[in-house]
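Peer 1:
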Amino acid sequence: MVGAGIVGASCAYALTRAGVRVTVVDRGGVASGTTGAGEGNVLVSDKEPGPELELALRSNTLWRELDAECGGFEWEAKGGLVVAETPEVLDALTAFAASQQGVESAVVDPRDLEPHLAEGLAGGVHYPQDAQVQPMLAAARLLRASGARLVQTAVERFLVSGDRVTGVRTGQGDLYADAVVNAAGTWAGSFAQAPLPIRPRKGFILVTQPFAVPPVRHKVYTAAYVTNVASDAEGLETSGVIESTQAGTVLIGASRQRVGYDTAIDYTVLAKLARQAVGLFPVLADAQVMRAYAGLRPYSPDHLPVIGPDHRLGGLFHACGHEGAGIGLAPATAEMITAQVAGGTPPVDPAPFAPGRFA
Ligand SMILES: Cc1cc2nc3c(=O)[nH]c(=O)nc-3n(C[C@H](O)[C@H](O)[C@H](O)COP(=O)(O)OP(=O)(O)OC[C@H]3O[C@@H](n4cnc5c(N)ncnc54)[C@H](O)[C@@H]3O)c2cc1C
105 MVGAGIVGAS CAYALTRAGV RVTVVDRGGV ASGTTGAGEG NVLVSDKEPG PELELALRSN
165 TLWRELDAEC GGFEWEAKGG LVVAETPEVL DALTAFAASQ QGVESAVVDP RDLEPHLAEG
225 LAGGVHYPQD AQVQPMLAAA RLLRASGARL VQTAVERFLV SGDRVTGVRT GQGDLYADAV
285 VNAAGTWAGS FAQAPLPIRP RKGFILVTQP FAVPPVRHKV YTAAYVTNVA SDAEGLETSG
345 VIESTQAGTV LIGASRQRVG YDTAIDYTVL AKLARQAVGL FPVLADAQVM RAYAGLRPYS
405 PDHLPVIGPD HRLGGLFHAC GHEGAGIGLA PATAEMITAQ VAGGTPPVDP APFAPGRFA
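The opening residue of the sequence shown carries number 105 in the numbering used here; numbering runs sequentially from there.
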């Protein structure tokens, strides 16, 4: 397994449960990539009807099972609330919710669920299946529970014999395996023998100081977030996305821009996110920001993760390109990889996720 983010850790857990012996190799350690910069939402609310929504629904069920099996990662089935500023947006939001087969939703007065929301919103849709985990804890817990061996070193390339991958060359020597899973997140496309069009999509998070009682109960976001997620734009896009954590902090996002691997802080983006958050929750105007950070989402050109066997090299599997949904989608991704590596029925049709679709 290349990568000890949430996807690699979930795959390691599922594979060892299926009786596979797993070694995980990560150059930085557990959750040192994008997983350490994610918010941890397990969402069905923002997924358009189609393969990603099917994967998200399966993952939602699996996260609940994982919490029961080896929890301790701040799982909260808190539900999501999407708010609309105008009646037109509310109509679009309601139609979108009605199109999402298998997703529970209800049109609500948003201030009934979130009393600290600003006045004057046109309405909202409540999604009770949306949930939250602490992604770094989740990756660490799953990896520990898997019993997989963790090796902290960089993978330089895949070892290839004929048309099969037989292992990886690392900074600590060669490691041989019957199967190699590429779960290297935003960097998964950088292995020359298996080029994939995965690119970084940057996002910032602001973290407030802890509240004794956080003013936000659900994951709350504006309808514009759904449009931003589905967009291909390279330039800056922002939308108000706000939630609290069990530690009492409030997390404020979300921005998206494609500016390469640059993770520098941009105060104009942070100010915009803060303004949007205060617009939604005026009570946040008095909150102190404790820290801010950027992460690089693994963007895939068609917005679908890349999951499955490599189309050129036997023994190589990819589990990457989940963009802004890798935390949510990790368990079902792991179930799919396990079915493909060890045998079994995949949770959903694997065809839309096949790596060969970019060839
Ligand atoms: C601001 C922000 C908010 C987000 N919020 C959410 C959210 O609420 N819900 C959600 O579902 N998703 C969210 N995401 C997206 C989510 O964080 C990612 O989709 C997910 O973390 C990807 O996990 P991963 O395991 O594929 O990649 P990573 O966590 O990046 O793991 C890949 C690992 O591979 C290792 N690696 C890379 N190259 C090599 C190499 N050559 N050798 C050895 N190791 C290597 C890296 O060190 C890294 O640890 C958010 C992302 C950002 C940036």
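Here a beta-carbon is modelled for each residue, glycine too, at the ideal position from N, C-alpha and C.
Because the structure is a prediction, the values reported are computed rather than measured.
From this set, 260, 136, 410, which residue's C-alpha is nearest residue 243's C-alpha?
Peer 2: Closest in C-alpha terms to residue 243, from the list 260, 136, 410, comes 136.
Peer 1: Going by C-alpha distance, which of 291, 328, 166, 426 is nearest residue 411?
Peer 2: 426
Peer 1: Taking the beta carbon of residue 218 as the centre, do at least 16 other beta carbons fall within 10 Å, making it buried, or is it exposed?
Peer 2: It counts as buried.
Peer 1: From what residue to what residue does the beta strand (DSSP E) around residue 356 run?
Peer 2: 354-360
Peer 1: What separation, rounded to the nearest whole angstrom, lies between the Cα atoms of residue 182 and residue 297?
Peer 2: 43 Å
Peer 1: At the level of alpha carbons, what is the spacing between residue 232 and residue 345?
Peer 2: Looking at the two C-alpha atoms, the distance is approximately 17 Å.
Peer 1: Please name the residue, chosen from 204, 318, 273, that lies closest to residue 105 on a Cα-to-Cα basis.
Peer 2: 273
Peer 1: Cα separation between residue 401 and residue 302?
Peer 2: 9 Å
Peer 1: Beta-carbon within less than 8 Å of residue 282's beta-carbon, same chain only, minus the 5 sequence neighbours each way: which residues are those?
Peer 2: The answer, listed in chain order, is 419.
Peer 1: For a test of your reading of the model: does the CB of residue 230 fall under 6 Å from any non-hydrogen atom of ligand 1? Yes or no.
Peer 2: no
Peer 1: Scan the region 274-358 and note each continuous beta strand (DSSP E) run of 3 residues or more that stays entirely inside, going in chain order.
Peer 2: 277-280, 284-286, 303-312, 323-326, 341-348
Peer 1: Any heavy atom of ligand 1 within a distance shorter than 6 Å of the CB on residue 426?
Peer 2: yes
Peer 1: Residue 236: buried (16+ other C-beta within 10 angstroms of its C-beta) or exposed?
Peer 2: buried
Peer 1: Within the same chain, show all residues whose beta-carbon is closer than 6 Å to that of residue 304, passing over the 5 residues directly before and after it, in chain order.
Peer 2: 290, 365, 400
Peer 1: Could you pull out every unbroken beta strand (DSSP E) segment of at least 3 residues lying fully inside the region 167-235, listed in chain order?
Peer 2: 184-188, 210-212, 227-231
Peer 1: Under 8 Å by Cβ, that's how I've got residue 224 and residue 212 pegged, so tell me the actual separation to the nearest angstrom.
Peer 2: No, residue 224 and residue 212 are not in contact; Cβ-Cβ is about 16 Å, not under 8 Å.
Peer 1: Can you say whether residue 397 is buried or exposed, counting buried as having 16 or more other CB atoms within 10 angstroms of its CB?
Peer 2: By the beta-carbon neighbour count (other beta carbons within 10 angstroms, threshold 16), residue 397 is exposed.
Peer 1: Would you say the beta carbon of residue 141 comes nearer than 6 Å to a heavy atom of ligand 1?
Peer 2: Indeed, a heavy atom of ligand 1 lies less than 6 Å from the Cβ.
Peer 1: Using the DSSP secondary-structure output, state which residues sit across from residue 237 in a beta bridge.
Peer 2: Looking at the DSSP assignment, residue 237 forms no beta bridge with any residue, so it has no partner.
Peer 1: In chain order, what residues of the same chain have a beta carbon less than 6 Å from the beta carbon of residue 288, not counting five sequence neighbours either side?
Peer 2: 106, 107
Peer 1: Hey, is residue 411 close to ligand 1, as in C-beta under 6 Å from one of its heavy atoms?
Peer 2: no
Peer 1: Could you check if residue 396 belongs to the surroundings of ligand 1, using beta carbon to heavy atom distance under 6 Å?
Peer 2: no
Peer 1: Given the structure, does residue 258 come close to ligand 1, in the sense that its CB is under 6 Å from one of the ligand's heavy atoms?
Peer 2: yes
Peer 1: Name the residue from 267, 307, 260, 308 whose alpha carbon lies nearest to the alpha carbon of residue 292.
Peer 2: Measuring from the Cα of residue 292, the nearest candidate turns out to be 260.
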